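A.B. asks: Can you read through this structure? Questions will come right after.
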Amino acid sequence: MERLRKCFFFIVLAVILLMPFYPVWSEVSVALLFVVGIGARSIVGLPVIDRKTSVLPLLMLTFFVLAAVSLLHSYDKLSGLDNLHTYIPFVVLPILMLYYRDELIDNKIVLLKVLSGGILAASGICLISAIVRSFYIIDGHLVFNPYVSYRNQFVYTHLSVFQYTNTFAMMATFVVAVMLWALFNRNVKRRWLVYSSIGLAILMIFLLSSRTNVYALFAVLYYSVLVFYIRYKNLWHSLLLFVAVTGLFWVFQTCNYRVMNLSKTVTSYITEEDIMLEDGYLLRHPESLDGVNIRFKMWETGAHLVRQYWATGCGIGDYKDVLRISYLLDGLDEAYHRCYDQHNQYLETIGTMGVLGLLVLMAILAYSLFMAWRERNYLLFCCLMILSFNLLLESMFNRYSGSLFFVVSLSLAALVGNDSQNKLQEDKVLE
1 MERLRKCFFF IVLAVILLMP FYPVWSEVSV ALLFVVGIGA RSIVGLPVID
51 RKTSVLPLLM LTFFVLAAVS LLHSYDKLSG LDNLHTYIPF VVLPILMLYY
101 RDELIDNKIV LLKVLSGGIL AASGICLISA IVRSFYIIDG HLVFNPYVSY
151 RNQFVYTHLS VFQYTNTFAM MATFVVAVML WALFNRNVKR RWLVYSSIGL
201 AILMIFLLSS RTNVYALFAV LYYSVLVFYI RYKNLWHSLL LFVAVTGLFW
251 VFQTCNYRVM NLSKTVTSYI TEEDIMLEDG YLLRHPESLD GVNIRFKMWE
301 TGAHLVRQYW ATGCGIGDYK DVLRISYLLD GLDEAYHRCY DQHNQYLETI
351 GTMGVLGLLV LMAILAYSLF MAWRERNYLL FCCLMILSFN LLLESMFNRY
401 SGSLFFVVSL SLAALVGNDS QNKLQEDKVL E
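Each step along the sequence shown adds one to the number in my numbering, with nothing skipped, and position 364 is 364.
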């Protein structure tokens, strides 16, 4: 039994380390993790649910149950079953968290280091691969194409072993929060390594050009400046950090073509003037109106479905088809032909599971926020900011990777965040 338990924790570390790479094997490995984990705990019986640490896993389990129930009243159960598999982390990992609560608490720092290391390793591989592929041999001469290396997000999407730009950028943003948390709260010996990790993560976010996570990144950075001032009461250093973060934001706004074009599109919409985009495309105001508002129009379509299916949702198996037909009826031809999802997890949840599903999702976030406030948990608060941005602007749970990262990052941040505060208090007592 002891060997089985060691095997279980080896699989845990392997899954967390390789999670950013996300090939098909990750779904199989999580299932293997569940089987081995339950086998290693089979003699213990049911987990004891009597502490505050059980609330978050139980809410996640409830969310999966509602998703499964929505499958039952779907007409297309085959498609619904395929869609439901992306919610598997909401049932597998919370059960293991309830069984291995004490072991996870004892190993939480190691798990966080492994997760951050995997994300940074994936970022490094992605960056090196893109740069290598930017060199060409033309007429016997070696030519470097800087546009491919530094301007095109889709190069990084396809060259990265992760494949999903938004979730990859979300993970990199989480690494920035983890490293800042370590600088604030732990006795870091190799600060150069932490600073290098922050730099690599920010560079990866810039190259991936996920606008959602660009703004999530700066929400974390500006919040960190505020925390720095509150903690150290150093006005001048805080002002310097604020200026540095603002300067970095200016770099993103002026050098990242997707963020820059978004700003120009919004400007065109507000001023009703034609604007030339970075790629030479002339953005005319009527077109910018559609470009800016296509996501808002998709949300309007989702809101119409919410009013129709708010009580129970239309089922996880039917929602995508119903949404696509609604796009067509509302004149969103691009969204119809490209089969866009809702790009808003809140609307997608209530449209799929009904109001109860949305309430449970909000309860997960609200309880996490309560813990972050009660325990002054910097990392958990940053994690909530990152996840909330992505839930608002993406249908995060349509991908297995999104659900997996949601559960893992939120659970680890809840476990880890207050550890450093307790350590600092113990150090003060010893002094």
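For every residue, glycine included, the Cβ atom is placed at its ideal position computed from N, Cα and C. Please read all numbers here as calculations on a predicted model, not as lab measurements.
#1: Considering Cα atoms alone, identify which of Leu66, Arg101, His73, Thr53 is closest to Arg41.
#2: Count the other CB atoms within 10 Å of the CB of Lys6; is the residue buried (16 or more) or exposed (fewer)?
#3: Any idea what DSSP makes of Gln237, helix, strand or coil?
#4: Quick one: what's got a C-beta closer than 7 Å to Leu112's C-beta in the same chain, skipping five residues either side?
#5: Have a look at Asp106 and Leu380 and give me their C-alpha separation to the nearest angstrom.
#6: Out of Cys314, Val408, Leu241, Pro47, which has the shortest C-alpha to C-alpha gap to Asp76?
#7: Could you check the C-alpha separation between Val91 and Arg191 for me, to the nearest Å?
#8: Cutting at 7 Å between CB atoms, please list the residues of its own chain near Thr167, excluding the five before and the five after it.
#9: Taking 9 Å as the threshold (C-beta atoms), are Leu120 and Ala201 in contact?
#10: Quick check: the stretch 331 to 349 against the stretch 300 to 310, are at least 3 beta-carbon pairs closer than 8 Å?
#11: In the DSSP output, what is Tyr100 paired with across the bridge?
#12: To the nearest angstrom, how far is it from the Cα of Phe397 to the Cα of Leu391?
#13: I'd like to check one pair, Glu103 with Phe433: are the Cβ atoms closer than 9 Å?
#14: Can you name, in chain order, every residue of its own chain whose Cβ lies under 6 Å from the Cβ of Met204, other than the five neighbours on each side?
#15: Count the other CB atoms, across all protein chains shown, that sit within 10 Å of the CB of Arg298; report buried if there are 16 or more and exposed otherwise.
#16: Distance check for His337 and Leu328, CA to CA, integer angstroms please.
#17: What is the rounded straight-line gap between the Cα of Leu208 and the Cα of Thr165?
#18: For Ala414, collect the residues of the same chain with a Cβ closer than 7 Å to its Cβ; drop the 5 residues on either side in sequence, then sort them by chain order.
#19: Helix, strand or coil for Tyr136? Go by DSSP, reduced to three states.
#20: Let's see if you can read the secondary structure: which residues bound the beta strand (DSSP E) around Leu332?
#21: Any idea what DSSP makes of Val143, helix, strand or coil?
#22: For the alpha helix (DSSP H) containing Tyr340, list its first residue and its last residue.
#23: Is the beta carbon of Phe389 closer than 9 Å to that of Asn213?
#24: From this set, Leu13, Leu239, Trp25, Ser74, which residue's C-alpha is nearest Met353's C-alpha?
#25: Name the two residues that bound the continuous alpha helix (DSSP H) containing Thr444.
#26: Which runs of the alpha helix (DSSP H) fall wholly inside the stretch 1 to 34 and span at least 4 residues, in chain order?
#27: Compare the Cα-Cα distances from Val251 to each of Ser116, Tyr215, Leu183 and report the closest residue.
#28: Report all residues from its chain with a CB closer than 8 Å to the CB of Ala14; omit the five preceding and five following residues, and keep chain order.
#29: In whole angstroms, give me the CA-to-CA distance for Ser395 and Leu387.
#30: For a test of the three-state rule: what should DSSP assign to His304, helix, strand or coil?
#31: What residues in its chain sit with their C-beta under 8 Å from that of Val143, if we drop five residues either side in the sequence?
#32: Report the rounded CA-to-CA distance for Leu332 versus Lys320, giving the unit in angstroms.
#33: Should Val110 go down as buried or exposed, given a rule of 16 or more other Cβ atoms within 10 Å for buried?
#34: With 16 as the cutoff for other CB atoms within 10 Å, does Leu72 come out buried or exposed?
#35: Considering only C-alpha positions, which residue in the set Ser26, Pro47, Val65, Ser70 is nearest to Gly317?
C.D. replies: In terms of the structure at hand:
#1: Arg101
#2: exposed
#3: It should be noted that the sequence gives His, not Gln, for residue 237. Correct three-state label for His237: helix.
#4: Val178, Leu412, Val416
#5: 18 Å
#6: Cys314
#7: 38 Å
#8: Arg399, Ser401, Gly402, Phe405
#9: yes
#10: yes
#11: Partner(s): none; Tyr100 has no beta bridge.
#12: Between Phe397 and Leu391, the C-alpha separation is close to 9 Å.
#13: This structure cannot settle anything about residue 433, because the visible part of the chain is limited to 1 through 431.
#14: Ser123, Ala172
#15: Per the sequence presented here, residue 298 reads as Met, with Arg not at that position. Classification of Met298: buried, given that the 10 Å Cβ count is 16 or more.
#16: 9 Å
#17: 6 Å
#18: Leu56, Ser368, Met371, Leu380
#19: strand
#20: First-last for Leu332: undefined, no H or E at that position.
#21: strand
#22: Counted as a single uninterrupted DSSP element, the stretch harbouring Tyr340 is not any alpha helix (DSSP H), since DSSP gives it neither H nor E.
#23: It is a contact, given that the beta carbons lie within the stated cut-off.
#24: Ser74
#25: Residue 444 lies beyond the range of the chain shown here (1 to 431); nothing can be said about it.
#26: 2 to 18
#27: Closest option to Val251, Cα to Cα, is Tyr215.
#28: Ser29
#29: Looking at the two C-alpha atoms, the distance is approximately 11 Å.
#30: helix
#31: Excluding residues within five positions, the ones whose Cβ falls inside 8 Å are Phe135, Tyr136, Ile137.
#32: 15 Å
#33: exposed
#34: Flag for Leu72 reads exposed.
#35: Ser70
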